[in-house]
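Residue numbers for the sequence shown follow the numbering used here, beginning at 8 and rising by one.
Note that the Cβ used here is the ideal one computed from N, Cα and C, for glycine as well.
All of these numbers come straight from a predicted model, not from anything done at the bench.
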Amino acid sequence: MCESPKGIDLLVERVISLWCERSPSGEINSALAWYDLAGNDRERAFRESVVARLIEVALDPRGLSTTASAVIAEIVR
8 MCESPKGIDL
18 LVERVISLWC
28 ERSPSGEINS
38 ALAWYDLAGN
48 DRERAFRESV
58 VARLIEVALD
68 PRGLSTTASA
78 VIAEIVR
């Protein structure tokens, strides 16, 4: 586990990032940084991800998060 506040901030940022690794078959992998966070830092990452998604929705002309846009793109493909 990362103990420094700066290191924890970086891990939280990685968790709430819009980018996710994919497996060779295209499956989305969970953020590995999640497993390096303590319970209270995971809660913080969750709260910050909710805020980030709300900002995405507010800025998107269709009112969609990037996750919703990606799901729709997969469905119509």
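**Q.** Cβ-Cβ separation, Val-22 to Ala-40 (assumed contact under 8 Å), whole Å
**A.** With a Cβ gap of about 5 Å, Ala-40 and Val-22 count as contacting.
Q) Between the beta-carbon of Val-78 and the beta-carbon of Glu-55, is there less than 9 Å? A) No, they are not a contact pair.
Q. Can a CB atom of chain C be found closer than 9 Å to the CB of Thr-74?
A. Of the protein chains in the structure, only one exists, and it is not chain C.
Q: Within 10 angstroms of the Cβ of Asp-16, are there 16 or more other Cβ atoms? Answer buried if so, exposed if not.
A: Exposed, by the Cβ-count rule.
Q. Apart from the five residues just before and just after Glu-10, which ones in its own chain have a Cβ nearer than 7 Å to its Cβ?
A. Closer than 7 Å at the Cβ level, and outside the excluded window around Glu-10, lies no residue.
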